[in-house]
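Undergrad:
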Amino acid sequence: MSLDTQSSSALGLADLDTDLIDLIFSHLPDFEALRSAILISKRFSTVFDKHPKSIVTRVAQNVAGLPLDDLLTLVRFEKPDIHEWENEDAYDYPDEEDFLLNAFLKFHEQMPEWQDASKDGQEVKAKDISIIDEYAHKANLLEEWFSFRRKKNRTAAKSSLTTLESQKFLRAVYRLMLFQKCFGYEEAIQDIQDECYEKLPDLAEKPEALQRMFTARKDFLLRFKSEELHEIQVVAHFIVDMQYKISPTSSPALMHEGYLQVYLHHFIEGVRDGYFSVTFQSPHEINEIYLTGPSEAALKEQGNKLLNPEEDDFWMHILDSVEEHSDTCARCSVAQGRALWNQTNWSVFFLHTHYNRLLIYNYLTPGQLSHHRSDRMDISNALNGTPPEVLLTEFQEAYSETGDDWNKEDWLCETCLVELVKTAMPKWWINKRSEQGDPVPSENCCYGWDCLAMTRDSDHASKLNHFCKPTKDVEA
1 MSLDTQSSSA LGLADLDTDL IDLIFSHLPD FEALRSAILI SKRFSTVFDK HPKSIVTRVA
61 QNVAGLPLDD LLTLVRFEKP DIHEWENEDA YDYPDEEDFL LNAFLKFHEQ MPEWQDASKD
121 GQEVKAKDIS IIDEYAHKAN LLEEWFSFRR KKNRTAAKSS LTTLESQKFL RAVYRLMLFQ
181 KCFGYEEAIQ DIQDECYEKL PDLAEKPEAL QRMFTARKDF LLRFKSEELH EIQVVAHFIV
241 DMQYKISPTS SPALMHEGYL QVYLHHFIEG VRDGYFSVTF QSPHEINEIY LTGPSEAALK
301 EQGNKLLNPE EDDFWMHILD SVEEHSDTCA RCSVAQGRAL WNQTNWSVFF LHTHYNRLLI
361 YNYLTPGQLS HHRSDRMDIS NALNGTPPEV LLTEFQEAYS ETGDDWNKED WLCETCLVEL
421 VKTAMPKWWI NKRSEQGDPV PSENCCYGWD CLAMTRDSDH ASKLNHFCKP TKDVEA
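Numbering (my numbering) for the sequence shown: 1 to 476.
1) How big is the Cα-Cα spacing for D70 and W114?
2) In angstroms, rounded to a whole number, what distance separates the CA positions of W341 and K427?
3) Residue range of the alpha helix (DSSP H) that L170 falls in?
4) Taking just the CA atoms, how far does H460 sit from H371?
5) Would you mind giving the Cβ-Cβ distance between C468 and N444, rounded to the nearest angstrom? I have them listed as a contact below 8 Å.
6) How many angstroms separate the CA atom of Y434 from the CA atom of L141?
7) Evaluate the contact criterion for the stretch 216-227 versus the stretch 119-130: three or more CB pairs, one atom per stretch, below 8 Å.
8) I need the DSSP call for L307, collapsed to helix, strand or coil.
9) Terminal residues of the continuous alpha helix (DSSP H) containing S347?
10) With 16 as the cutoff for other CB atoms within 10 Å, does M213 come out buried or exposed?
11) Just how far apart, CA to CA, sit D89 and L105?
12) Look at K138 and I268 and say whether their C-beta atoms are less than 7 Å apart.
13) With a floor of 4 residues, list each alpha helix (DSSP H) that falls wholly inside the stretch 358-444, ordered by position along the chain.
14) For the alpha helix (DSSP H) holding I24, just list the boundary residues, first then last.
15) Would you call the stretch 327-334 in contact with the stretch 401-417, where contact means no fewer than 3 C-beta pairs closer than 8 Å?
16) A236 by DSSP, collapsed to three states: which one?
17) Would the stretch 224-232 and the stretch 290-299 be scored as touching if the rule is three or more Cβ pairs under 8 Å?
18) Assuming A172 and A64 make a contact with CB atoms under 8 Å, what is their CB distance in whole Å?
19) For the putative contact between I480 and F31, defined by C-beta atoms under 8 Å, what is the C-beta separation to the nearest angstrom?
20) Measure the Cβ-Cβ separation of V240 and H317 and say whether it is below 7 Å.
21) Quick check: is the beta carbon of A216 nearer than 7 Å to any beta carbon in chain D?
22) Tell me which residues share the same chain as L464 and place their Cβ nearer than 6 Å to its Cβ, disregarding the 5 neighbours each side in the sequence.
23) Distance, Cα to Cα, F25 vs H51?
24) What's the call for Q396, buried or exposed, on a 16-neighbour Cβ count within 10 Å?
25) Between A398, L229, K119, R338, which has its C-alpha nearest K305's C-alpha?
26) Just to confirm the assignment, what range does the alpha helix (DSSP H) spanning Y135 have?
27) How many angstroms separate the CA atom of D19 from the CA atom of S54?
28) Any idea if E123 is buried or exposed, counting beta-carbon neighbours within 10 angstroms, 16 or more meaning buried?
29) So is Q368 buried or exposed if we call it buried at 16+ other beta carbons inside 10 Å?
30) CB E143 to CB S159, shorter than 7 Å?
31) Using only alpha-carbon positions, find the residue among L307, A382, E394 that is nearest to W346.
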């Protein structure tokens, strides 16, 4: 008898009723758990082999967090190759510019065939599993960020949305992803960009083309009920607002929904990995109402209208309740509501503020230290290679060594927290150098971190300590 068989027998798993084993399969959270469960015993494997399609579909539903129809539609929809139309359209459009415009619009107007996971032949297939995992993982990350920003528990690492709230949010995310897959500007020009995108006529001069694009988007959205369109609007507003807050150096005038055309995959990956910045420029004013305009038209046909994000009940279209908070910063005593930070949520600080590691290095190092000739790359690598909760703990400890107090249990606003980080930065780096067995020079430069010579002279930068306050005025 094998060890696995002995273990399963000892636990009584090999003798479980078939219906009970099937029930266990139906409650597994993901495909990795399913693979492990199949290996528990031969009996588990036999039960799975009897009806694998239904079990895989139920597990996929658990992964997705809601009924599968929307996610399956997203997973299985693929835009056709734009060059498929070259032969059939070449004679109809002898002018290359007209041919490219027609191909672009036909590509734009391709609609997905909605999937119904309950129908025969539309169950989850093996080729769907990895893609479902990818989409669901990113949607769940977005839900965690939404929960952190909009729900009352700012210490929760995972989503605290109720089951119904989560289903509304995820449904809107998958539908927004599908909308982007159909109409995202990046998606539409991907196949023609390299060789002939520059030959595409200016859409601003083609009102009939713009109308076709607008109508295609509106027809897509008319598939949904008004309350479902409102859910999509809430999620889209959250994403655009989060993009702008993370990258506020962009002009507020550019904060329009054209940014939603940058596929949500890129946004989620960038925010998660700490390198996201808004660089997208809308190619035409129609893309400034990329989602809002068609949504407004669809809602009007349904006898409804867009929501006002400034109204009190805006978030209630996803959330069951919205609680306002008047919590104050322990340092400045200003009421900040949910936007407060201590050691319990430092791990997500870079996800929910515009201060990523690069900005801390460039803007929170005093004087000229961000241009330190010999240490700047080492500082940058140390910032990038340290988890945020560890990094902020190191800053807190360094700040405390300066003689002032920073209690890591105190709830601080973003402004106060980054001011403490700025003060602690020089001492933090001195500590890091010492830990690495390469202490900073004992002799201080009289110009300290304001020294200009250290920015251009490697010998001077490495010979003296510049992580100190100036004792002589540089200008003098």
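Note that beta-carbon positions come from the ideal geometry of N, C-alpha and C, so glycine has one too.
Owing to the predicted nature of the structure, the values given are computational and were not obtained by experimental measurement.
TA: In short:
1) 8 Å
2) 22 Å
3) 163-183
4) 13 Å
5) 5 Å
6) It is worth fixing the name first, because residue 434 is Ser in this sequence and not Tyr. Roughly 37 Å between the two C-alpha positions.
7) no
8) coil
9) Where S347 is concerned, there is no enclosing alpha helix (DSSP H), given that its DSSP letter is neither H nor E.
10) buried
11) Caution applies to D89, whose pLDDT of 48 falls short of 50 and renders its modelled position unreliable; the value that the coordinates give is listed next. Rounded to the nearest angstrom, the two C-alpha atoms are 13 Å apart.
12) yes
13) 376-384, 388-401, 414-435
14) 18-26
15) yes
16) helix
17) yes
18) Actually they are not in contact, since the Cβ atoms of A172 and A64 sit about 13 Å apart, beyond 8 Å.
19) It is not possible to answer for residue 480, since the shown part of the chain is limited to 1 through 476.
20) no
21) Absent here is chain D; the protein component of the structure consists of one chain.
22) P441, E443, C445
23) 11 Å
24) buried
25) L229
26) 126-150
27) 14 Å
28) buried
29) buried
30) yes
31) E394
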